[in-house]
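K.L.:
Residue numbers (the numbering used here): 53 to 183.
1. If we ignore side chains and look at the alpha-carbon of each, how far apart do residue 135 and residue 122 end up?
2. Closest to residue 41 by CA distance: which of 98, 113, 80 is it?
3. Based on the DSSP secondary-structure assignment, which residues constitute the bridge partners of residue 92?
4. Spatial neighbours of residue 183 within its chain, please: CB distance less than 7 Å, with the 5 preceding and 5 following residues excluded, ordered by chain position.
5. Only counting runs of 3 or more residues, tell me where the beta strand (DSSP E) segments fall wholly within the stretch 148-173, in order along the chain.
6. Using 8 Å for Cβ pairs, my map puts residue 88 next to residue 110. What's the rounded Cβ distance?
7. Taking only three categories from DSSP, how would you classify residue 51?
8. Taking its Cβ as the centre, do 16 or more other Cβ atoms sit within 10 Å of residue 117, making it buried, or is it exposed?
9. Considering only residues of the same chain and omitting the five flanking positions on each side of residue 165, which have a CB-CB separation below 7 Å?
10. Excluding the five sequence neighbours on either side, which residues of its own chain have a C-beta within less than 7 Å of the C-beta of residue 71, listed in chain order?
11. Using the rule of at least 16 other Cβ atoms within 10 Å of the residue's Cβ for burial, across every protein chain shown, is residue 130 buried or exposed?
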C-alpha cells in the first residue's frame, strides 16, 4: 500500500504467497518482494510477476535499491543484484553475514555485518524502501 496526500491510500499489489518480514522495495513501476523460496519482481503496470528462484544463498538479510534494480544480502554473506526484469546480475560473497545495507553518497553502498563494514561502489538511486 502507498499513501498519497492528495488521493489517499492505494493498494499496489495483492500477493498470493507468504512473504518474509522484509520491507518491499518500490522503484518506478517495479516492486520487489522477498518470499520463502526467493524474490518476486512485479511489473505493476502490466501485472506481471517474475519469480527469481532458487536462490541458494540462504535467507535474505537485507535489501537496498541500486541504479538498475535491488541489491540483496543473504545469510551466507552473498550480495546479489536483481534487476526489474528479474535477471540476476552481479554477485559477490563476503566473509560475514550482512545485517544492513546502507546507501551512501556518490554511488557507495555500505554493507554492515558481524564485526565488519564493507563499502562497495554501486550506483544507487534516491528510491527508498517502503515502510
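Positions of the beta carbon are idealized from the N, C-alpha and C atoms, including for glycine.
P.N.:
With the given structure in hand:
1. 6 Å
2. In the structure as shown, the chain starts at 53 and stops at 183, and residue 41 therefore has no counterpart that could be examined.
3. 85, 103
4. Any reading at residue 183 needs caution, since the residue's pLDDT is 37, under 50, leaving its predicted position unreliable; the model's value is listed next. Result list for residue 183: 75, in chain order.
5. 150-155, 160-165, 168-173
6. No, residue 88 and residue 110 are not in contact; Cβ-Cβ is about 12 Å, not under 8 Å.
7. Residue 51 lies beyond the range of the chain shown here (53 to 183); nothing can be said about it.
8. buried
9. 146, 148, 149, 150, 151
10. 85, 86, 87
11. buried
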